[in-house]
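K.L.:
Residue numbers (my numbering): 134 to 363.
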Amino acid sequence: MNADSLITENNEKRKQLNNENKKIYEDMLIYIRLAYQKSEQETEEILMELLDHMLIMQEQGNDISGLVGEDPKQYADEIIDELPKSLTKKRVELLFMGLFHFFGVSMLFTGLIQSVMYYGFGRWEGTKTYYLGSGAVLSILSVGIVFAVVYFCIEYLKWTCFKNMNRILDFILSGFIFGILPFSVFLGIYYFMPEFGPSVTVPIYSLILIGILFLGVGIWLLKKGKRGRE
134 MNADSLITEN
144 NEKRKQLNNE
154 NKKIYEDMLI
164 YIRLAYQKSE
174 QETEEILMEL
184 LDHMLIMQEQ
194 GNDISGLVGE
204 DPKQYADEII
214 DELPKSLTKK
224 RVELLFMGLF
234 HFFGVSMLFT
244 GLIQSVMYYG
254 FGRWEGTKTY
264 YLGSGAVLSI
274 LSVGIVFAVV
284 YFCIEYLKWT
294 CFKNMNRILD
304 FILSGFIFGI
314 LPFSVFLGIY
324 YFMPEFGPSV
334 TVPIYSLILI
344 GILFLGVGIW
354 LLKKGKRGRE
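1) Would you please state the rounded distance, in angstroms, between the beta carbons of alanine 209 and glutamine 174? I believe it to be under 8 Å.
2) By the three-class DSSP mapping on this structure, what secondary structure does tyrosine 263 have?
3) Please work out which residues of its chain come closer than 6 Å, Cβ to Cβ, to phenylalanine 233, disregarding the five sequence neighbours upstream and downstream, and give them in chain order.
4) Measuring CA to CA, which of Gly330, Ile157, Ile179 is closest to glycine 266?
5) Which of helix, strand or coil does DSSP assign to lysine 218?
6) Excluding the five sequence neighbours on either side, which residues of its own chain have a C-beta within less than 7 Å of the C-beta of aspartate 336, listed in chain order?
7) Which partner residues does valine 333 have in the DSSP bridge list?
8) What residues in its chain sit with their C-beta under 8 Å from that of proline 205, if we drop five residues either side in the sequence?
9) Are there three or more Cβ pairs, one per stretch, closer than 8 Å when the stretch 272–286 is compared with the stretch 180–196?
10) Who are the Cβ neighbours of asparagine 154 in its own chain at under 8 Å, not counting the five residues just before and after it?
11) Does the stretch 242–260 come within contact of the stretch 319–326, defined as at least 3 CB pairs closer than 8 Å?
Here is the structure:
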């Protein structure tokens with residue numbers, strides 16, 4: 134059974150857990166899945182095995198602490214240590230898929246907004262000039278910011294597992310750290326970055342076409358990855 138099928142089955146079977154056991158299991162599930170360097174197939178197999186054991190113990194009326202111990206996080210860490218790492222090829226494909234999606238969405242929305250403003254309201258300009266030097270630096274810094282946000286988001290989610298967080302505080306804190314802060318940093322870099330290098334001027338509608346092309350490549354890589362798991 135491939136990883137996608139295991140995830141679907143897991144989603145259905147864990148509904149059988151009572152509220153207390155479900156909270157413990159779902160914390161472990163999120164924590165283990167966030168170990169992104171591990172094999173997805175092996176991860177889903179061990180999560181299904183853990184769920185089956187918990188369901189059996191629950192049916193028998195036993196406390197699941199006999200399985201996961203008094204510290205579920207420590208038990209989850211032990212499971213993660215035993216999981217094999219994902220293949221380097223799969224990590225590279227995932228990286229490029231993310232990059233193509235990121236630049237595709239960015240260019241598509243930029244092209245759409247500027248096209249609407251220019252052709253619909255007669256505002257802004259019908260062309261956009263890119264300076265290759267500053268554009269390359271901005272692209273690298275943008276990717277760096279995105280990866281930093283993703284990394285710290287994963288670490289934050291892992292930190293919140295096995296904790297009873299105040300939802301309002303969690304919402305405010307995560308919104309500031311992963312929304313307002315990185316967006317402000319990006320705007321600051323974009324505003325203060327001097328323009329340098331050879332320039333290229335393109336019509337704004339071409340950004341839509343380039344964005345669609347990048348998204349198409351990203352979707353193709355996503356489907357390729359799914360076929361590889363079958």
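C-beta atoms are modelled at their ideal positions from N, C-alpha and C, and glycine is treated no differently. Quick caveat: nothing in here was measured; it's all calculated off a predicted structure.
P.N.:
The structure says:
1) The pair is not a contact, with the Cβ atoms about 18 Å apart (cut-off 8 Å).
2) strand
3) Phe347, Val350, Gly351
4) Gly330
5) strand
6) As written in the sequence, residue 336 is proline, which differs from the aspartate given in the question. Answer for proline 336: Gly259, Thr260, listed in chain order.
7) Tyr263
8) Ile157, Asp160, Met161, Phe295
9) no
10) Met187, Gln191, Ile197
11) no
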